[in-house]
Amino acid sequence: MSQTEPLDQDPVFQLKGSMLAITVLELARNDLENLDRQLAAKVAQAPNFFSNAPLVLALDKLPASEGAVDLPGLMRVCRQHGLRTLAIRASRIEDIAAAIAVDLPVLPPSGARERPLDPLEGQVKKKPEKPPEPTIKPTKVITSPVRGGQQIYAQGCDLVVISSVSPGAELLADGNIHVYGPMRGRVLAGVKGDTKARIFCQQMSAELVSIAGHYKVSEDLRRDPLWGSGVQVSLSGDVLNIIRL
């Protein structure tokens with residue numbers, strides 16, 4: 001036995017059934033000119049749907065009074081619009097003969113109910129997008145003194161303290177912070193990265209001030225000539241600027 005003989009016993013192919021998505025073009029009239037125009041309009045609605053789409057030409061519903069179909073011409077019209085003819089479905093002798101002449105498979109007439117196909121079905125029809133409404137949260141206002149060890153966080157908004165802030169207290173806000181009184185303790189504005197956030201106070205005596213993660217501690221602040229004054233703190237690049245209010 002030769003070394004190649006066992007290989008000859010291995011199957012070269014398998015026959016399998018498959019449910020393929022194939023478009024059926026059912027011809028109601030033998031009118032290639034109007035077919036060309038109407039197909040062009042349909043393809044314009046969903047060009048991707050028709051690109052290289054496999055097609056069965058159904059001629060079995062043509063009235064007996066219609067003349068012989070120019071099958072090669074019909075296939076050319078379909079091909080111009082991206083449809084590739086795989087077979088025809090026919091019952092008239094002349095249509096079957098035309099298919100055999102161009103070596104095209106012939107399927108028997110179908111008794112199954114076929115629903116009209118909408119190329120736009122399943123596509124999401126986009127509506128003009130309305131810009132989202134800005135989400136504005138009301139400013140968080142604290143009217144009582146903020147004691148040592150107390151933490152106040154204004155999430156998604158500004159924080160206003162209409163009183164004093166004691167040493168050891170901590171103020172945090174996603175936006176700006178306003179303190180209408182002595183500002184001691186730790187004060188952090190723009191904690192989620194808002195570099196445009198600012199800190200306003202009537203008397204700066206803080207243990208730490210920070211904007212968007214950039215900070216100064218009391219040792220640095222005490223050397224500032226505006227220590228104990230009303231100031232505005234802002235961020236420029238990586239530098240905290242302290243100016244008189």
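Using full-length UniProt numbering, you'd call the opening residue of the sequence shown number 1 and step up by one each time.
In this text, a Cβ means the ideal position worked out from N, Cα and C, and glycines have one as well.
Pick from the options that is closest to residue i, judged by C-alpha positions
i	options	result
residue 197	234, 239 and 101	234
residue 137	85, 153, 237 and 157	157
residue 70	44, 98 and 52	98
residue 200	216, 191 and 229	229
residue 183	139, 224, 171 and 190	171
residue 218	167, 33 and 45	167
residue 65	41, 94 and 46	94
residue 63	26, 152, 139 and 192	26
residue 192	47, 33, 142 and 153	153
Residue-level contact to chain D via CB, residue i, 9 Å cutoff
i	result
residue 81	Among the protein chains of the structure shown there is no chain D, as only one such chain exists.
Residue i versus residue j - alpha carbon distance
i	j	result
residue 150	residue 169	5 Å
residue 39	residue 67	21 Å
residue 105	residue 129	49 Å
residue 239	residue 144	32 Å
residue 87	residue 10	32 Å
residue 78	residue 84	7 Å
residue 54	residue 190	59 Å
residue 44	residue 91	32 Å
residue 76	residue 31	14 Å
residue 72	residue 89	15 Å
residue 12	residue 102	29 Å
residue 246	residue 80	Nothing about residue 246 can be read from this structure; the chain reaches only from 1 to 245.
residue 96	residue 22	20 Å
residue 227	residue 220	10 Å
residue 41	residue 33	13 Å
Residue i classed as buried or exposed, judged by whether at least 16 other C-beta atoms fall within 10 angstroms
i	result
residue 211	buried
residue 179	buried
residue 236	exposed
residue 176	buried
residue 225	exposed
residue 164	buried
residue 242	buried
Under 9 Å between C-beta atoms of residue i and residue j
i	j	result
residue 35	residue 74	yes
residue 160	residue 146	no
residue 188	residue 215	yes
residue 206	residue 223	no
residue 181	residue 203	yes
Proximal residues to residue i (C-beta, below 7 Å), its chain only, five neighbours per side dropped
i	result
residue 28	61
residue 270	Limits of the chain in this structure are 1 at one end and 245 at the other, which puts residue 270 out of reach.
residue 148	166, 167, 168 and 169
residue 231	201, 204, 242, 243, 244 and 245
Close-in-space but distant-in-sequence residues of the same chain around residue i (CB under 6 Å, 5 per side omitted)
i	result
residue 208	186, 215 and 217
residue 139	157, 158 and 160
Residues of its chain near residue i, where Cβ-Cβ distance is below 8 Å and the 5 sequence neighbours each way are ignored
i	result
residue 1	The pLDDT assigned to residue 1 is 49, lower than 50, so where the model puts this residue is not dependable, and the model offers no usable value.
residue 51	82
residue 14	none
residue 109	60, 89, 90 and 91
residue 142	152, 159, 160, 161, 162 and 163
residue 47	82
Heavy atom of the ligand HEM within 8 Å of residue i beta-carbon
i	result
residue 243	This structure simply doesn't include the ligand HEM, nor any ligand for that matter.
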